[in-house]
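The next block holds one structure in the form of structure tokens; read it before the comments.
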Amino acid sequence: MNRTPQKHDAAFGSAIRLRRNRLGVTLDQLSEQTGISTAVLSRVERGQHSPTLHNALSIARGLGCELMELLQHDPTEIIRAGDNLRFVDKETGIERIALARPNPSIELLKYVVPPGMTSRHFAAHESRSQEVFHILQGSLEIHTARKTLTLQAGDTATVLVDMEHWFRNVGSEPAHFVLMIMGG
């Protein structure tokens with residue numbers, strides 16, 4: 119049985135209760151503000167009921183906040199080895215492993231690039247976006263419209279990626295690196 123929806127219901131309900139208590143608002147008062155019965159609000163707070171989108175928006179408005187504020191979860195998250203999303207380009211053999219996405223503008227990836235292989239050309243990201251490359255093993259060449267960088271094991275580079283960019287393994291062994299993408 120998939121427990122993810124119940125986990126999210128509990129986290130959402132807990133966030134509502136916390137915000138309501140911080141504001142000193144009773145369930146009856148929130149019910150008056152939202153038009154949602156106290157019984158339903160109580161069940162939502164206990165994670166026993168998933169509100170409709172309309173009701174979730176009403177609850178957020180009733181608490182004087184945006185819905186996203188109530189949806190944000192505890193940033194502590196563990197992804198166990200083997201549970202990561204893994205993609206392999208069939209043409210090049212380049213492997214991309216999603217390590218973490220702590221918020222919508224930051225992503226942490228691990229790449230393995232076979233010797234001599236070149237990534238696809240990535241489109242420009244939004245203005246001021248950056249990628250941080252840390253080479254764990256091997257050699258990597260990073261290309262942008264402005265420059266070409268060659269990195270070796272242990273090197274780290276921060277690259278502006280608001281233009282087309284790509285990378286290539288220039289060594290004789292697989293290149294392993296960690297990539298952090300940060301939106302502008």
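Residue numbers in the sequence shown follow our numbering, run continuously in steps of one, and reach 302 at the last position. Cβ atoms here follow ideal geometry from the backbone N, Cα and C, with glycine treated the same way. Predicted, not measured: the structure shown is a model, and the values here were computed from it.
Own chain residues within Cβ distance below 7 Å of residue i, not counting five before or after
i           : result
residue 119 : Confidence at residue 119 is low in this model, with a pLDDT of 38, below 50, so its placement is unreliable and the value that follows should be read with caution. Same-chain partners within the cutoff: there are none.
residue 157 : none
residue 273 : 253
residue 146 : 156
Classification of residue i by the beta-carbon crowding that lies within 10 angstroms, buried from 16 upward
i           : result
residue 189 : exposed
residue 152 : buried
residue 293 : buried
residue 263 : exposed
residue 234 : exposed
residue 295 : buried
residue 223 : exposed
residue 159 : buried
residue 203 : exposed
residue 155 : exposed
Sequence-distant residues of the same chain with beta carbon closer than 6 Å to residue i, five excluded per side
i           : result
residue 247 : 279, 280, 301 and 302
residue 163 : 131, 134 and 135
residue 236 : 286
residue 250 : 276 and 298
residue 218 : 226
residue 255 : 271 and 294
residue 232 : 211 and 292
residue 137 : 181
Sequence-distant residues of the same chain with beta carbon closer than 8 Å to residue i, five excluded per side
i           : result
residue 182 : 141
residue 178 : 184, 185, 187 and 188
Contact belief for residue i with residue j at Cβ below 8 Å, rounded distance in angstroms
i           : j           : result
residue 230 : residue 209 : About 15 Å separates the two Cβ atoms, so there is no contact after all.
residue 172 : residue 240 : Not really, about 39 Å apart at Cβ, beyond 8 Å.
residue 200 : residue 148 : About 43 Å separates the two Cβ atoms, so there is no contact after all.
residue 288 : residue 268 : 7 Å
Practice task
Output the residue ranges of the alpha helix (DSSP H) runs that lie fully inside the region 165-189 and measure 4 residues or longer, sorted by chain position.
Solution key: 171-180 and 185-189
Practice task
Just list the beta strand (DSSP E) runs in the region 211-253, keeping only unbroken ones of 3 residues or longer that don't cross its boundaries, in chain order.
Solution key: 213-221 and 224-231
Handout entry: In chain order, each alpha helix (DSSP H) run of at least 4 residues that lies wholly inside the region 120-167
Key = 122-141, 145-152 and 156-163
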